[in-house]
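J.: Numbering of the sequence shown is given in my numbering, commencing with residue 4 and proceeding in unit increments. Note that CB positions come from ideal geometry on N, CA and C, so glycine has one too.
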Amino acid sequence: MASDALILSLDPLVVAVVLAMALITFLTKVGGIWLVRRFELSDRLEAGLTVLPGAIVIAVIGPELAAGGPAEWAAGGAVLLVMWRTESILLALCTGVLAVVAFRMAF
Numbered sequence: 004m005a006s007d008a009l010i011l012s013l014d015p016l017v018v019a020v021v022l023a024m025a026l027i028t029f030l031t032k033v034g035g036i037w038l039v040r041r042f043e044l045s046d047r048l049e050a051g052l053t054v055l056p057g058a059i060v061i062a063v064i065g066p067e068l069a070a071g072g073p074a075e076w077a078a079g080g081a082v083l084l085v086m087w088r089t090e091s092i093l094l095a096l097c098t099g100v101l102a103v104v105a106f107r108m109a110f
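1) If we ignore side chains and look at the alpha-carbon of each, how far apart do ALA77 and ARG41 end up?
2) Counting only runs of 4+ residues fully inside the region 10-72, write out the alpha helix (DSSP H) ranges in chain order.
3) Are the beta-carbon atoms of THR98 and ALA81 separated by less than 8 Å?
4) Can you check whether the CB of LEU94 is closer than 8 Å to the CB of VAL104?
5) Determine the contact status of LEU68 and GLY79, defining contact as a CB-CB distance below 8 Å.
6) With distances taken Cα to Cα, identify the nearest neighbour of GLY71 among SER12, ARG107 and LEU16.
7) If you follow the alpha helix (DSSP H) that PHE110 is in, where does it begin and where does it stop?
8) How would you label GLU43, buried or exposed, when you count the other beta carbons within 10 angstroms and need 16 or more for buried?
9) Where does GLU75 fall in DSSP's three states?
10) Is it right to say GLU90 is buried, meaning 16 or more other beta carbons lie within 10 angstroms of its own, or is it exposed?
Structural data, given as structure tokens:
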């Protein structure tokens, strides 16, 4: 063997699909921002759009938490604590991912 280095081969189709998904995600975000800026938003709609990311996170993670066991509930508690102390959704989500992995290994 010439080298002990790990050789990573990527399927061109997989790379193309990932790049296409990234482009579509980017265009969706930019298109949404462009569309919203073209209209006068009421205070109520603006408030709704402000809380939308948190509502989406709850909708995705809520059922998993409800169906989960001790590890998921403990991670949920860690998320609540971090969110309460920092008010950072990103930090809370990262804490939740790391906590659920750690708690699953412990329980």
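T.: Inspection of the coordinates gives the following:
1) Straight-line Cα distance between these residues: approximately 44 Å.
2) 15-40 and 46-70
3) yes
4) no
5) yes
6) Comparing alpha-carbon positions, the option among SER12, ARG107 and LEU16 lying closest to GLY71 turns out to be ARG107.
7) Bounds of any alpha helix (DSSP H) do not take in PHE110, whose DSSP letter is neither H nor E.
8) exposed
9) helix
10) exposed
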